[in-house]
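**Q** Have a look at the structure that comes next, please.
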Amino acid sequence: DAGITQSPRYKITETGRQVTLMCHQTWSHSYMFWYRQDLGHGLRLIYYSAAADITDKGEVPDGYVVSRSKTENFPLTLESATRSQTSVYFCASSSIAEVNSYEQYFGPGTRLTVT
Amino acid sequence: AQSVAQPEDQVNVAEGNPLTVKCTYSVSGNPYLFWYVQYPNRGLQFLLKYITGDNLVKGSYGFEAEFNKSQTSFHLKKPSALVSDSALYFCAVRFYGNNRLAFGKGNQVVVIP
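As you go down the protein sequences, you meet chains A and B in turn. Counting from 1, one number per residue, gives the positions in the first sequence under the working numbering. Counting from 1, one number per residue, gives the positions in the second sequence under the working numbering.
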């Protein structure tokens with residue numbers, strides 16, 4: 001019963017490098033989300049996906065790319081990392097079944113530092 | 001557009017005293033409201049939700065929340081706070097038509113022994 005996992009948990013990278021953060025869920029939830037958490041800003045949505053091969057922008061999508069070829073995976077790529085992308089990144093998933101009523105389940109987070 | 005406001009950055013309360021964390025919302029359509037808690041270096045954990053029905057919703061760890069439509073509020077409450085309740089609390093509201101949630105900025109709760 002792994003639930004939702006993220007890897008790596010910690011990452012340090014240099015400005016300009018490409019970085020991919022992984023997210024995997026075992027529930028077959030339709031929806032998946034990527035957030036970043038920064039002091040003073042709370043949680044901000046980067047991208048989300050309603051199903052495999054369907055993705056949409058959130059509040060702060062610039063500089064990020066997502067894909068979703070399989071229901072269980074939702075990787076987030078920083079194409080050319082910048083210091084402003086230093087943050088804690090959370091992945092979440094949710095079901096469309098009415099009984100679950102839209103609550104989201106969160107992964108443990110990835111702390112990314114861009115030097 | 002859907003949004004929530006958590007007006008206080010930090011709430012300090014003595015152990016054993018009642019705890020209240022405030023949230024007001026703005027939505028199109030019927031509100032689906034949520035509270036989450038985040039402990040240090042962890043992801044968010046679901047506490048409770050209001051979808052429909054009774055205005056007083058009971059959740060995990062002894063928490064409850066009161067939905068007030070006229071005041072557009074969904075305050076989180078606990079009758080007797082524990083030191084272990086010290087954490088960051090987020091209110092959220094669902095976007096109409098999909099599973100997206102809008103989160104507030106969060107409230108740091110500090111329970112003083």
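We put the beta carbon where it would ideally sit given N, CA and C, even for glycine.
Contact between the stretch 53 to 70 of chain B and the stretch 2 to 9 of chain B is defined here as three or more beta-carbon pairs at a separation below 8 Å; is this criterion met?
**A** Short answer: they don't touch.
**Q** Extract the residue ranges of the beta strand (DSSP E) inside the stretch 5 to 87 of chain B, only unbroken runs of 3 or more that lie entirely within it.
**A** Segments of the beta strand (DSSP E) lying fully in the stretch 5 to 87 of chain B: 10 to 14, 19 to 21, 24 to 26, 33 to 38, 44 to 50, 56 to 58, 64 to 68 and 73 to 78.
**Q** Determine the chain B residues that contact A/Phe74 at a beta-carbon separation under 8 Å, and present them in chain order.
**A** None at all; the shortest Cβ gap to chain B is about 13 Å.
**Q** Quick one: give me the first and last residue of the beta strand (DSSP E) that B/Asn107 is part of.
**A** Here the beta strand (DSSP E) through B/Asn107 covers Asn107 to Ile112.
**Q** Out of curiosity, what's the CA-to-CA distance linking A/Asn73 and B/Val13?
**A** Cα-Cα distance, rounded: 41 Å.
**Q** Does DSSP classify A/Ser87 as helix, strand or coil?
**A** Residue state, collapsed to three classes: strand.
**Q** Closer than 7 Å by beta-carbon distance: list the chain A residues that pair up with B/Leu101, in chain order.
**A** Simply Gln104.
**Q** Mind checking if A/Tyr48 is an interface residue toward chain B, Cβ cutoff 8 Å exclusive?
**A** Output row for A/Tyr48: interface = yes.
**Q** Going by DSSP, what residue range makes up the beta strand (DSSP E) through A/Gly42?
**A** Run containing A/Gly42: Gly42 to Ala51, per the beta strand (DSSP E) assignment.
**Q** Where does A/Ser94 fall in DSSP's three states?
**A** Three-state result, A/Ser94: strand.
**Q** Taking C-beta to C-beta, are B/Glu8 and B/Asn107 nearer than 8 Å?
**A** Cβ atoms of B/Glu8 and B/Asn107: closer than 8 Å.
**Q** Have a look at B/Gly62 and B/Pro79 and give me their C-alpha separation to the nearest angstrom.
**A** Approximately 8 Å between the Cα atoms of the pair.
**Q** Can you name the start and end residues of the beta strand (DSSP E) that A/Phe74 belongs to?
**A** It is not in any beta strand (DSSP E) - A/Phe74 carries neither H nor E in the DSSP assignment.
**Q** Does B/Gly104 have its Cβ less than 8 Å from a Cβ in chain A?
**A** Yes, B/Gly104 counts as interfacial toward chain A.
**Q** Please return the same chain residues whose Cβ sits closer than 6 Å to the Cβ of B/Gln10, not counting the five positions on each side in sequence.
**A** Excluding positions up to five away in sequence, the list reads Gln108.
**Q** Strictly below 8 Å CB to CB, what residues from chain A border B/Asn30?
**A** None at all; the shortest Cβ gap to chain A is about 12 Å.
**Q** Tell me, please, which residues DSSP counts as bridged to A/Phe117.
**A** Limits of chain A in this structure are 1 at one end and 115 at the other, which puts residue 117 of chain A out of reach.
**Q** Between B/Ala102 and B/Val93, how many whole angstroms is the CB-CB distance? I'm expecting something under 8 Å.
**A** Contact flag correct, Cβ pair sits at about 5 Å.
**Q** Could you name the residues of the same chain whose beta carbon sits closer than 8 Å to that of B/Gln38, not counting the 5 residues immediately before and after it, in chain order?
**A** So the list reads Leu44, Gln45, Ala87, Leu88, Tyr89, Phe90 and Gly106, once near-sequence residues are dropped.
**Q** Using beta-carbon positions only, say whether A/Val88 and A/Leu76 come within less than 8 Å of one another.
**A** It is not a contact, given that the beta carbons lie outside the stated cut-off.
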